[in-house]
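Q: In terms of the working numbering, the sequence shown has 82 at position 82, counting the first letter as 1, and numbering is strictly consecutive.
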Amino acid sequence: MYCRKCGSTINEKAKFCDSCGEEVKILRQRSDTQKFEEMNKNKTKKVKKDKREEKYKDLKNPYIIPALGTAVIAFSLAIFPWPVSWGVGTSLWMRIAIVLIVLLSDYHCTKARQMNNLYSIQYNYLVQPQLLKVATTLSVITTIVAMFALFSV
Ligand SMILES: [Zn+2]
Numbered sequence: 001m002y003c004r005k006c007g008s009t010i011n012e013k014a015k016f017c018d019s020c021g022e023e024v025k026i027l028r029q030r031s032d033t034q035k036f037e038e039m040n041k042n043k044t045k046k047v048k049k050d051k052r053e054e055k056y057k058d059l060k061n062p063y064i065i066p067a068l069g070t071a072v073i074a075f076s077l078a079i080f081p082w083p084v085s086w087g088v089g090t091s092l093w094m095r096i097a098i099v100l101i102v103l104l105s106d107y108h109c110t111k112a113r114q115m116n117n118l119y120s121i122q123y124n125y126l127v128q129p130q131l132l133k134v135a136t137t138l139s140v141i142t143t144i145v146a147m148f149a150l151f152s153v
């Protein structure tokens, strides 16, 4: 064993260096094998983490796009006055169509919320929650407008 400070040989059991008086501290050196093993451990951890993230990415909430699509269509038909002869205030069939489309949207919104609840319980993960909020808001507004128009013929 050698002194850390002056490099002279010291007794294995000595607490201080004979030449310079430096306190002998035994540093436990990690062997290369240990380092290698630790490195591999970190690597496998990282790989596992990546795989999990990929799984999350693969998860898609299949109800969000239909929910948003039908909400936007129903909302557009109900709100925009073009073409002028359409719109929620004009024909009964138009109102019925809007109500049907918006009910479809409500259904898909509900399904999407259920899926997201499942995801959050199983994986602590939500799929496109902002889009779902937009779809839900649109379909709720359109439901109210369309129902009101339908029953106030
Ligand atoms: Zn020394």
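Where is the CB? At the ideal position from N, CA and C, for every residue including glycine.
Within 10 Å of its beta-carbon, does L132 have 16 or more other beta-carbons around it, so buried, or fewer, so exposed?
A: Within the sequence shown, numbered from 1, the residue matching residue 132 stands at position 132. It is buried - the Cβ of L132 has at least 16 other Cβ atoms within 10 Å.
Q: Around the C-beta of L68, are 16 or more other C-beta atoms found within 10 angstroms, so that it is buried, or is it exposed?
A: Looking up residue 68 in the sequence shown gives position 68. It is buried - the Cβ of L68 has at least 16 other Cβ atoms within 10 Å.
Q: Could you give the distance in angstroms between the alpha-carbon of R113 and the alpha-carbon of Y107?
A: Working through the sequence shown from its first residue, we reach residue 113 at position 113. Working through the sequence shown from its first residue, we reach residue 107 at position 107. Those two C-alpha atoms are separated by around 10 Å.
Q: Taking 6 Å as the limit, name every residue whose beta carbon sits nearer than that to some heavy atom of ligand 1, in sequence order.
A: Cβ atoms closer than 6 Å to ligand 1 belong to C3, K5, C6, S8, C17, S19, C20, E22.
Q: Got a sec? Which residues, its chain only, sit under 6 Å from L104 by beta carbon, not counting five neighbours each side?
A: Sequence index remark: in the sequence shown, residue 104 carries index 104 (1-based). Cβ-Cβ distances below 6 Å link L104 to T70 in the same chain, with the five nearest sequence neighbours on each side left out; the list follows chain order.
Q: Who pairs with T9 in a beta bridge, going by DSSP?
A: Reading the sequence shown from its first residue, position 9 is the one you call residue 9. DSSP output for T9 lists Y2 as bridge partner(s).
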